[in-house]
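Down below is the structure, laid out as structure tokens.
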Amino acid sequence: MKRTTPAPLTGVLLLNMGGPDTLNAVRPFLFRLFSDKDLIPLPVGTITQPVFAWAVSGLRARKVRRHYEEIGGGSPIGKITEAQRAALEDALRETGGNFKVYVGMRYWYPMSKHAALEMKEDGVSQAIVLPLYPQYCAATTGSSFKDLRRWLSWAGCSFRLTEIRSYPEHPKYIAALVETVAKAIHGTGPEGMRILFSAHGVPERLIRSGDPYRAETEATVAAVMRSFPGIPHSLSWQSRAGREPWLVPDTVDEVTRLASEGVRRLVVVPVSFVSDHIETLHELDIRLAAHANKMGILSFHRAPALNDSPSFIEALKTLVVEQLGDSPF
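Heads up, the sequence shown is in my numbering, so the first residue is 204 and it goes up one at a time.
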């Protein structure tokens, strides 16, 4: 009887930031976050970064713990990313190829270190890195790529690696966003309505240095709004921290401005977030909603995050298959 040789294994690695899954994980998560030199560069970072991370994580942990308590006691991003991983793996296997999908988080488990070891043990012959950051930013995508390469080298992985840098205007990604926006505005009267796209902010110095994040986010918004002609919209930036100038307008400030101009129906779209986590569930759903109500907004709706929606999984699958081109599975 002739024995068939299994097809070479293609690994697909989903990259994301991760989040503390319990209240006890909040401070160690914050310590890892503030230790990232790509996210928060400090002079003489080798010496100052650990001290800074230890001090700031301790100062902020109590407040951040309260926020996580209010959304159920931890971040759901780990479970959501696992659902994305499983759905994408199923979708890719339906193409007839030999795929396995892994997860590599930047600041919490499962980390890229563990993904590198797992891919080596599984005998991956080639890997495609797919960041769950649709718009490239050195502080997120760039940092995650750098962290992954370090661990792949440490683990002795020698397989071919393909990195998907970003996909801000990919038709399938845009279609998934259009779908979630359409759900949010369904049944909302057009009179006085405004769509507000809210993206995670970054310091202005990052953009001045040539980072494409703002331009790619603006491109995503423009592509989505081609499906909603005539509906007024704007783009703002949330999660501002520290004293240095960040991108403007800030999301809270923009809601204040819109309310002062007579907007009474607001649909908020978390454009740079593909998964629900603290920035959507607390910063938008709780704090921003309360602020909007205080400012006179009568109807506040937040578009659902893409999470593991079939349209988003289809987008991820297409991104992977396009990278393979004519290569055998």
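Each residue gets a CB set at the ideal place from its N, CA and C atoms; glycine is no exception.
Coarse secondary structure for residue i, derived from DSSP in three states
i, result
"residue 330", "strand"
"residue 439", "strand"
"residue 374", "helix"
"residue 261", "helix"
"residue 221", "coil"
"residue 389", "coil"
"residue 502", "strand"
"residue 345", "helix"
"residue 335", "coil"
"residue 216", "strand"
"residue 488", "helix"
"residue 311", "coil"
"residue 533", "Shown here, the chain extends from 204 to 532; a query on residue 533 therefore has no answer."
"residue 350", "helix"
Close-in-space but distant-in-sequence residues of the same chain around residue i (CB under 6 Å, 5 per side omitted)
i, result
"residue 218", "307, 334, 347"
"residue 477", "335, 509"
"residue 461", "397"
"residue 259", "237"
Residue of the options minimising C-alpha distance to residue i
i, options, result
"residue 225", "449, 488, 273", "273"
"residue 330", "212, 239, 429", "212"
"residue 317", "286, 352, 261", "352"
"residue 499", "465, 475, 266", "465"
"residue 496", "469, 521, 480, 513", "469"
"residue 315", "332, 301, 327", "332"
"residue 427", "520, 384, 407", "384"
"residue 451", "421, 430, 479, 432", "421"
"residue 527", "358, 275, 363, 261", "363"
"residue 311", "265, 522, 514, 221", "221"
"residue 479", "517, 378, 283", "283"
"residue 380", "298, 424, 481", "424"
"residue 356", "322, 387, 436", "322"
"residue 252", "266, 235, 373", "235"
Beta strand (DSSP E) segment containing residue i, residue limits
i, result
"residue 403", "396–403"
"residue 366", "363–366"
Own chain partners of residue i with C-beta closer than 8 Å, once the 5 adjacent residues on each side are dropped
i, result
"residue 453", "404, 439, 440, 441, 443"
"residue 449", "404, 405, 406, 407, 440, 443"
"residue 494", "455, 458, 459"
"residue 263", "233"
"residue 375", "514, 517, 518, 521, 522"
Contacting residues, own chain, Cβ-Cβ under 7 Å from residue i (five flanking each side not counted)
i, result
"residue 303", "212, 214, 292, 325"
"residue 268", "226, 229"
"residue 339", "368, 369, 415, 416, 419"
"residue 342", "241, 242, 405, 409"
"residue 525", "none"
Residue i - containing alpha helix (DSSP H), residue span
i, result
"residue 317", "315–325"
"residue 496", "492–497"
"residue 516", "513–527"
"residue 233", "229–237"
Any non-hydrogen atom of the ligand MN within 7 Å of residue i CB
i, result
"residue 505", "What this structure holds is no ligand at all, so the ligand MN is not there to describe."
_Contained beta strand (DSSP E) runs [length at least 3] in the segment 268–309, N- to C-terminal order_ = 302–308
*Can you list the beta strand (DSSP E) stretches of 3 or more residues lying completely in the segment 402–486, in chain order?*
436–441, 468–473
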